[in-house]
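Here the structure is laid out as structure tokens; the discussion comes afterwards.
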Ligand code: 26Q
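Numbering (full-length UniProt numbering), first residue to last: 1 to 805.
And the structure:
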């Protein structure tokens, strides 16, 4: 049953009158957006409650995806698409004299995440529902999402993201499902009459966790799952505990802000409290649900899977232990066996310094019962494996070491599955980073290459390309992105190549207007649009990109008649607020942009555009317009990357190192349809081993590198006295941690290759087509199905899906 245009219009008029006592001609986009939101919610409300009841009736095993970040972006169009009413709504609104796009602008991005990890969680939510899998998200409802970025004199300035200012149409507050979470105080074990030990708490604080549920709609399958985000409140019964305003504020602020991913010692206590808060609330609410099923606790793992997205929710393990022992009076042995079978864990990083650790003192003080349990988890691990394995191995893998709790160790030892997010990454985990654990538990390690929500990143973001695909290969790809491979049959079809090129040109034109409007910079849509969009981090090597741009600049200065394509280098990147070096890179790129964009000798041959406030919505505007996808991290450092997949799907050609999922992209498109350069992961490790890398030597032997680096410090690039020096120091004084200078020559050669390929129009269009055709391989639908089969052991609710459609 679907709504007609007329029904939609009537419903809209009716609700507008009810809510605002107004006619359409007098309504603002704000008002119409809110009314549209309520129409859409009403449209899926039956499916939402049916889905829930069906899961309950079928006693389906469900997965709960615990993530401290979710990054859905805007939800209006994606909801309309998944409900199958996007066209009806567009048409109906047009007849009411409103443009859907104007309403889309009203919705604020939901940016409760930093980058890849949070966006992946949201792609998974979409795919889990779309595959008809019973799964829910569990996280935090931050009052403020990731900061808004502005540039002032080329410097990054952060502003608060007040995304809830005008309310959030999609969320539903569920007061009745609130739970209490305990913090701090002292805890001791008291022996009861029956000889059992019970924890007794003193001077602890109790906070109320209130859930806000958001519907996650499956793609045209009548499945509506739930994303549950928790917000903190002070329970009425505890008011007198909070004497001063400061005291109160400290607790009320628990869910106020998302930590940007650099956060150091300062404020760490709040981060730990956030982790426990949403973990405890989530696990309690799962146990409440399980009780309704009336099954023995020993069968918990047949009904519930809990996924730990990176270590941030790893306290799920001791919290589950606590509930099973303290509330349900299970023995340690039984509790630990259940817990291990329920939990699974994904690692998203190989950089040792990024592995999460907490000081024992902090953990003891903030979460005393958690610490007691963690200590026992550690003690029993050591006791169990001592004598079986070499003592050093046990010491290296134990949870508590040198006064710190190693969250990844706990997550691996007390879960049944640990996975990496790309083949190379998972191999590195086994062979290097987590090798000791692999020796202990080889059967637990597996790979699940990341994927992306293909419908959002093609149909929604790039309707022009979508239309060409429909005309060429039919519409089945919209449901099953594997069918994109049908496009391969048209690689010699000039008409199709041209149509795709026209779509790309249209998107470039649109982005050019956006750039003009937001930065004042004029760019030619005829130029190559070369795109690097991701968080700013030294290992991602935005600076390597800049070194190449500076080379192009000097080449043109020396030889203004030089042949070659026009290029626009487009950046989008936020730096963590306290990451000084990353901020210096932003400043340097912005000042180089100023210099190059205004140099009459260059005459627009190359331009640099650094767009402010990169987020999901901006990504949706940049990606469809990209010709070149920059994936140039130092091999072995990027766990997977996901913008590489989004850009490929939109027909960009990748220039990449063999890192993360780039390796798998190369495998599916073949060497002819990607440009690879730089050290391999093996070479990087060999270089660590030999310990003889000298950035200075490379610099001394390269006149062009000398010219570029000198330009950063001698005033050639103005206004960067400090930042230019910081950049040069990182390369020469601190010996170039990420081997930029070593990869520079091969990067330049790769860029020259890109230039030649682009000049051969047909060849480029064919490469672009083959990238689109092979992108189906990276659908998060497939990724979550593999998680479902191999890790969660859950099944799609097919029979129910069919019945309802
Ligand atoms: C740590 C401590 C305190 C506060 C915040 C954090 C923190 C926050 C976010 C640590 C890490 C993150 C995010 C990591 C992340 O996004 N990793 C990326 O995950 C993607 C999805 O798997 C991969 O594609 C990327 O390669 C990986 O970098």
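Here a beta-carbon is modelled for each residue, glycine too, at the ideal position from N, C-alpha and C.
Residue interval of the alpha helix (DSSP H) (run including residue i)
i	result
residue 696	695-700
residue 782	780-786
residue 248	245-252
residue 104	100-106
residue 318	316-322
residue 666	662-669
residue 463	463-473
residue 340	332-342
residue 643	643-649
residue 129	116-130
Buried versus exposed, by CB contacts within 10 Å (16 or more), residue i
i	result
residue 291	exposed
residue 281	buried
residue 518	exposed
residue 345	buried
residue 802	At residue 802 the pLDDT is 40, less than 50, meaning the model places this residue with poor confidence; the figure from the coordinates comes in the next sentence. With fewer than 16 Cβ atoms within 10 Å of its Cβ, residue 802 is classed as exposed.
residue 4	exposed
residue 192	exposed
residue 809	Lying before the first or after the last residue shown, residue 809 is absent from the chain, which here runs from 1 to 805.
residue 351	exposed
residue 225	buried
residue 228	buried
Three-state class that DSSP yields for residue i in the structure shown
i	result
residue 793	coil
residue 398	coil
residue 421	coil
residue 715	coil
residue 279	helix
residue 11	helix
residue 750	helix
residue 140	strand
residue 530	strand
residue 802	Low confidence applies here, because residue 802 scores a pLDDT of 40, under 50, leaving its location unreliable and the question unanswered by this model.
residue 591	helix
residue 680	coil
residue 606	strand
residue 638	coil
residue 37	helix
residue 522	coil
residue 538	helix
residue 147	coil
residue 710	helix
residue 816	Because the chain spans 1 through 805 in this model, residue 816 falls outside it and cannot be assessed.
residue 165	coil
residue 44	helix
residue 110	strand
residue 223	coil
residue 368	helix
residue 571	strand
residue 686	helix
residue 66	strand
residue 654	strand
residue 554	helix
residue 155	strand
residue 382	helix
Beta-carbon separation (whole angstroms), residue i vs residue j, contact threshold 8 angstroms
i	j	result
residue 220	residue 84	5 angstroms
residue 144	residue 256	6 angstroms
residue 768	residue 500	7 angstroms
residue 601	residue 560	6 angstroms
residue 132	residue 218	6 angstroms
Where the beta strand (DSSP E) through residue i begins and ends
i	result
residue 389	Premise fails: residue 389 is in no beta strand (DSSP E) and is neither H nor E.
residue 739	First-last for residue 739: undefined, no H or E at that position.
residue 304	304-309
residue 176	No beta strand (DSSP E) holds residue 176; DSSP gives it neither H nor E.
residue 85	It is not in any beta strand (DSSP E) - residue 85 carries neither H nor E in the DSSP assignment.
residue 237	Where residue 237 is concerned, there is no enclosing beta strand (DSSP E), given that its DSSP letter is neither H nor E.
residue 73	70-73
residue 191	186-191
residue 203	Per DSSP, residue 203 belongs to no beta strand (DSSP E) and is neither H nor E.
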